[in-house]
Amino acid sequence: MSDAIKHQQTKQQYGVALLFLITVSTLAVSRYATAADVIDFALGENSICIVDATGKLDCRSNRSLNIIPPDTGNSYTKVSSGGQHSCAITQAGDIECWGNANFGALNAPVSSSPFVAISSSEGHSCALDANGQVACWGLNTNGQTDVPSDNADFVAIYTGTIGSCGTKNSGQTVCWSNTYPYDIIDGQEGIIDMHLPQRSEGDDACVVYEQGTILCYQSFGLSDELDDGPYTKVGSNGVMRCGLKVNGDMDCNLSVQNSAQTTLNTELLAEIEALPALIDFDTRYEYDYHMSFCGVGVNQQLYCLGDSLPVNNLPGEDADLPIPTDLSLSIYGENVAELLWNFNLFEIQGVQGQFRVYRNGEMISQSFANASYLDRDFELGVPYVYQVSYITPGGLEGGLSEPLEVNGEFTNPDNDEVITGPDDAITLSGVVVNRYGEGSLELFWDRPAGSTRRYDVYRNGELIASVPGPSYFDNQINTTNAYQYTIVAVSSNGSIQATGFAQVASSSGLQCF
């Protein structure tokens, strides 16, 4: 969504919270609500994100392309979502981006002045710093990242698929793109808000003037105005055009195309206009004349409506998901321990998600659905508290397991007859890596003395295979990342016979894991 400072300040004055799911019609139009104190939100093509009053960033998605941010531990103030990427501003004023890295969409700039506003579109983003300067990055097919040389005194920033615009403190609008309608908007005075064309075909460019009138432009020229203002904000998705009135009411109309005049869209429009007073909103075209809408109310709620929202669960919702149980830890040496747990994957419908492992309250791993984690930063004799949670592919996290408190001493949870303790385990010899191509390699190692039940193979701390013989073929890698492998030889009675290690650098030679 476009991020005008004026509207961001309004949201901070009122605060925001989201509602729980309520069905409001038999036509599959959904109204959501949840009890989180939200200070910003973003309705993207593939996700919905919120920033709450504590600075926590929470994003959800149920699309095949999951635009979910990494857990950095930072706090945030702003968030904006585009096509296949999203970006947020930290409380320190830095920018973090995640999602698809095509066209440099994740190459966030660095500034000596903190960033205060951000706007993301299909393949690029622009941000505004506290000194009134703009930085843009990403896809640049039409000059949409070519910020003008007179880069000063901006107070708001907006992005569309093929162009960008900013408003200066003088009231003048400056746009950078080599195509219509940016050349028409460029240089205009008195614009207080605007919507720039997004990915959907036929989407409008619309502006709100300081007197509260709205004017919209389509590919074939000037289009009809919304005329029941005065308005403070405008949005469009190619099927529906909406304006937010000064009194908080919504005023919307549908495209005159017959394919847009469906019963479902008419019902959705009526539900939007029936919402309580709003202070902000955004709307997107989904597919085949289906739409989504989210709006922030003065009653401190965020309403999301539509039968094709990009999420099953909104950010801030509590997850009714299975919780890992029966945590145990096997300590293999001074710096290696394996955390195990039970989890019933049959309770999960659809695509399986991942596990998050927490140690002393800090997340140390997010790995795919293997119920184990090899902790290579373990220190013998140091007390730890471990917990594990399950997270869906859409980013919804379930509850934490019961804590497992360990004192850093050797454990044997399976009560096997241990012939060799962890300090007696030998190092596997002859560990060799053969790389066959960009996406595959094979590990070889020598057999240790004695009878071996299996070899457990870990990649970057995650158990990826248990094999009967001294080799493993891995075809799930790439040249961009570096990898560290750990091979644990398990004897016929369950004790640890030997451990081996191998490191594989990235194509650039980096060995970061």
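Residues 7 to 519 in the working numbering are what the sequence shown lists, from first letter to last. Every residue gets a Cβ at the ideal spot worked out from N, C-alpha and C, and that includes glycine.
Q: Leaving aside the five residues before and after G110 along the sequence, list all residues of the same chain whose C-beta is less than 8 angstroms from its C-beta, in chain order.
A: W143, G144 and L145
Q: Closer than 8 angstroms by C-beta to A98: which residues in its own chain qualify, once you throw out the five before and the five after it? Chain order, please.
A: N80 and P120
**Q.** Three-state secondary structure assigned by DSSP to T83
**A.** strand
Q.
So for L108, helix, strand or coil by DSSP?
A. Just to set this straight, residue 108 is Asn in the shown sequence, not Leu. Helix at N108.
**Q.** Cβ pair count under 8 angstroms reaching 3, the stretch 150–161 against the stretch 196–203
**A.** no
Q: Starting from Y295, follow the beta strand (DSSP E) in both directions and report where the run begins and ends.
A: Unbroken run through Y295: none, as it is neither H nor E.
Q: Give the straight-line distance between the Cα atoms of R247 and C258, rounded to the nearest whole angstrom.
A: 6 angstroms
Q) Between the Cα of R441 and the Cα atoms of D462, P389, G456 and Q509, which residue gives the shortest distance? A) Q509
**Q.** Segment contact flag, the stretch 446–464 with the stretch 475–482, C-beta cutoff 8 angstroms, min 3 pairs
**A.** yes
Q | Helix, strand or coil at E468 according to DSSP, with G and I counted as helix | A | strand
Q | Beta-carbon contacts of S314 that lie in its chain and below 8 angstroms, excluding the five residues immediately before and after | A | E292, Y293, H296, M297 and S298
Q. Which class does N524 belong to by DSSP, given the choice of helix, strand or coil?
A. The question about residue 524 has no answer here: the residues shown for the chain are numbered 7 through 519.
(Q) Using 7 angstroms as the threshold, is the C-beta distance between D43 and D58 below it? (A) yes
(Q) In this structure, how does DSSP classify S457 when only helix, strand and coil are distinguished? (A) coil
Q | Endpoints, beta strand (DSSP E) assigned at E273 | A | Counting along the chain, E273 falls outside any beta strand (DSSP E), though it belongs to the alpha helix (DSSP H) covering T269 to E279.
Q.
Helix, strand or coil, according to DSSP, for D452 in the structure here?
A. coil
Q. Counting only runs that start and end within the stretch 233–271, where is the beta strand (DSSP E) found for 3 or more residues in a row?
A. 237–242, 246–251 and 256–260
**Q.** K84 versus D286 - alpha carbon distance
**A.** 14 angstroms
Q: Could you tell me whether the Cβ atoms of L402 and N350 are closer together than 7 angstroms?
A: no
Q | Outcome for P428 when other beta-carbon atoms lying within 10 angstroms are tallied against a minimum of 16 | A | At P428, the pLDDT of 41 sits below 50, so the modelled position is not reliable and the matter cannot be decided from this model.
Q. What whole-angstrom Cβ distance do A283 and G303 have, given they're in contact under 8 angstroms?
A. 6 angstroms
Q: May I have the straight-line CA-CA distance separating P476 from A511, to the nearest angstrom?
A: 22 angstroms
(Q) Which residue marks the beginning of the beta strand (DSSP E) containing D156, and which one marks its end? (A) No beta strand (DSSP E) holds D156; DSSP gives it neither H nor E.
Q) Do you know offhand how far N52's Cα is from V496's? A) 44 angstroms
Q) Which residues in the same chain as C412 place their Cβ atom closer than 6 angstroms to its Cβ, once the five residues preceding and following it in sequence are excluded? A) Before going further, note that residue 412 is Val rather than Cys in the sequence given. Once the five neighbours on either side are set aside, the close Cβ partners of V412 are L335 and Y390.
(Q) Tell me which residues share the same chain as N341 and place their Cβ nearer than 6 angstroms to its Cβ, disregarding the 5 neighbours each side in the sequence. (A) F384
Q) When burial is assigned at 16 or more other CB atoms within 10 Å of the CB, is A280 buried or exposed? A) exposed
Q. By Cβ distance, which residues of its chain are closer than 6 angstroms to Y164, with the 5 residues on each side in sequence left out?
A. S8, S125, C171, M200 and L202
(Q) Could you pull the DSSP bridge partners for L410 from this structure? (A) Y392
(Q) Which residue wins for smallest C-alpha separation from H91, given the options W104, D100 and Y82? (A) W104
Q: Compute the Euclidean distance between the alpha carbons of N6 and V317, then round it to the nearest angstrom.
A: The requested residue 6 is not part of the displayed model; the chain covers only 7 to 519.
Q: Determine the closest residue to V439 out of C222, Y491, L260 and G89, with distance taken between C-alpha atoms.
A: Y491
Q) Relative to the C-alpha of F450, which residue among G456, R460 and S435 is closest? A) S435
**Q.** Backbone secondary structure at D189 - three-state DSSP
**A.** helix
Q.
Please report the straight-line C-alpha distance between Y396 and R362, rounded to a whole angstrom.
A. 6 angstroms
Q. Between the C-alpha atoms of Y364 and L469, what's the straight-line distance to the nearest angstrom?
A. 17 angstroms
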